[in-house]
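Structure first, then comments.
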Amino acid sequence: MAHRRNSRMKWVLWRAGAAVIAVFLVGLISAGCSNAPDTSTKAASVAVTKTAASSTTTTKTSAITKTATTTKAATTTTKTTTTKITSTTPSKTVSNDPFTKLDDSLDELNVYFQKTWMAAEAVGAKEGYKYATRSGTFELYLYDKGSDAYKAAVKNNAMALGDTLFPAIIKEGFALYFYPNAKAELKTQIQGILFP
64 MAHRRNSRMK
74 WVLWRAGAAV
84 IAVFLVGLIS
94 AGCSNAPDTS
104 TKAASVAVTK
114 TAASSTTTTK
124 TSAITKTATT
134 TKAATTTTKT
144 TTTKITSTTP
154 SKTVSNDPFT
164 KLDDSLDELN
174 VYFQKTWMAA
184 EAVGAKEGYK
194 YATRSGTFEL
204 YLYDKGSDAY
214 KAAVKNNAMA
224 LGDTLFPAII
234 KEGFALYFYP
244 NAKAELKTQI
254 QGILFP
């Protein structure tokens, strides 16, 4: 008896789980959660059939068209509802943060990069990051224009790390340092983005 009860309980749970998954999938499809462009024409169908005195079949096809058919004895009723789904593309917000601007510009140019936070205080800057790309590596530091470190960088045309100077492009409060592996094309792109 207990075995039969457990078997029925498993069967009920299995059907409930299958129903939850089916509802979840239909919800995803109707919400338009796909990698397709703004409108979706992919179709998914779910059929539910009940057998009693009358027979009822419900079919949902994509998020755009829903069709329901009810059959009772010899009469057939068909309803079709069409819903137009429109979507808008959000407008792009331009950031005032120079590092975010650089990141966005590199993304627009399809330049793959890895960005690493640097201890900018070591060279007297406020903030700094290292960018590793397929065309080479560079570092960008943001200085306080009134600081002694920035004034020294402008004078030496280099960043100072202790007693060592690293030749850099010092301009508009920034120090841009290219590693030896940086290609000329990368140098031109980055300078064009930062110092138009």
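Numbering of the sequence shown is given in my numbering, commencing with residue 64 and proceeding in unit increments.
By construction, the Cβ of each residue, glycine as well, lies at the ideal position given by its N, Cα and C atoms.
Inter-residue spacing [alpha-carbon to alpha-carbon] between residue i and residue j
i, j, result
"residue 109", "residue 249", "A caution first: residue 109 carries a pLDDT of 36, below 50, which makes its placement in the model too unreliable to give a value."
"residue 240", "residue 190", "14 Å"
"residue 166", "residue 200", "14 Å"
"residue 170", "residue 243", "23 Å"
"residue 71", "residue 84", "20 Å"
"residue 193", "residue 214", "22 Å"
"residue 258", "residue 245", "18 Å"
"residue 220", "residue 184", "18 Å"
"residue 179", "residue 82", "47 Å"
"residue 228", "residue 204", "14 Å"
"residue 226", "residue 186", "11 Å"
"residue 172", "residue 210", "34 Å"
"residue 181", "residue 231", "16 Å"
"residue 174", "residue 233", "23 Å"
Distance CB(residue i)-CB(residue j) smaller than 7 Å
i, j, result
"residue 223", "residue 206", "no"
"residue 238", "residue 212", "no"
"residue 256", "residue 168", "yes"
"residue 268", "residue 208", "Nothing can be reported for residue 268: it is not among the residues displayed for the chain, which extend from 64 to 259."
"residue 176", "residue 163", "no"
Residues bridged to residue i [DSSP beta-bridge criterion]
i, result
"residue 177", "195"
"residue 240", "202"
"residue 233", "238"
CB contact below 7 Å: residue i versus chain C
i, result
"residue 203", "Although the question refers to chain C, the structure presented lacks it and comprises just one protein chain."
Helix, strand or coil at residue i [DSSP, three-state]
i, result
"residue 287", "No information on residue 287 is available, as it lies outside the stretch 64 to 259 that the chain covers here."
"residue 253", "helix"
"residue 228", "strand"
"residue 171", "helix"
"residue 184", "helix"
"residue 221", "strand"
"residue 248", "helix"
"residue 73", "helix"
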